[in-house]
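Everything on this sheet refers to the single structure shown next.
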Amino acid sequence: AENGNMKHADVSILNITKVLLYLSRVPDLRASLVRQDGMLDAMKRVATSTLNPEARVARVRIIANLVNSGEDNKRMILEYDGMLDGLLRIAHLDSNEHAREYAGV
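If you count the sequence shown from 1, position 19 lands on 21 in this note's numbering, and the numbers rise without skipping.
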C-alpha cells in the first residue's frame, strides 16, 4: 500500500496508522506492539515513504509513544537499523512543524 499499488492507499494507510496510534497510547500494549513482526520496519519507513502529512505525523507520534514507554522499548527502537537516522531527518528537514516536533521528542 505504501508503494501506491493499492486503490485508495492513502486512506487505508491513514486509517491503519490511526488505529496503531490509538493502541500506542495504551501503556499495557506498548511492549508487545514494538515486538510485532514488521512494526519497526513500518515505523522506520516514515522518513522514506511518501505519506500524507497526517499519516507521517501520526507515525512519528506512535514512535514517540513507544520510545517513551520504557528503556527496553527505547533501546530496541533507537537501535533498529535506520530508525534514528530517519527520525533525525524528519526533526531537521520535514516541512510539517508537528512532524518535526514529535520527531525531536
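Just so you know, even glycine gets a beta-carbon here, dropped at the ideal spot from N, CA and C.
Counting every other CB atom within 10 Å of its CB across the protein chains shown gives Thr52 a total below 16, marking it as exposed. Here the alpha carbons of Asp83 and Leu16 stand approximately 24 angstroms from one another. From the listed residues Ala60, Asn67, Glu103 and Val48, the smallest Cα separation to Leu35 is found for Asn67. Closest in alpha carbon position to Lys46, among His100, Leu23 and Leu80, is Leu80.
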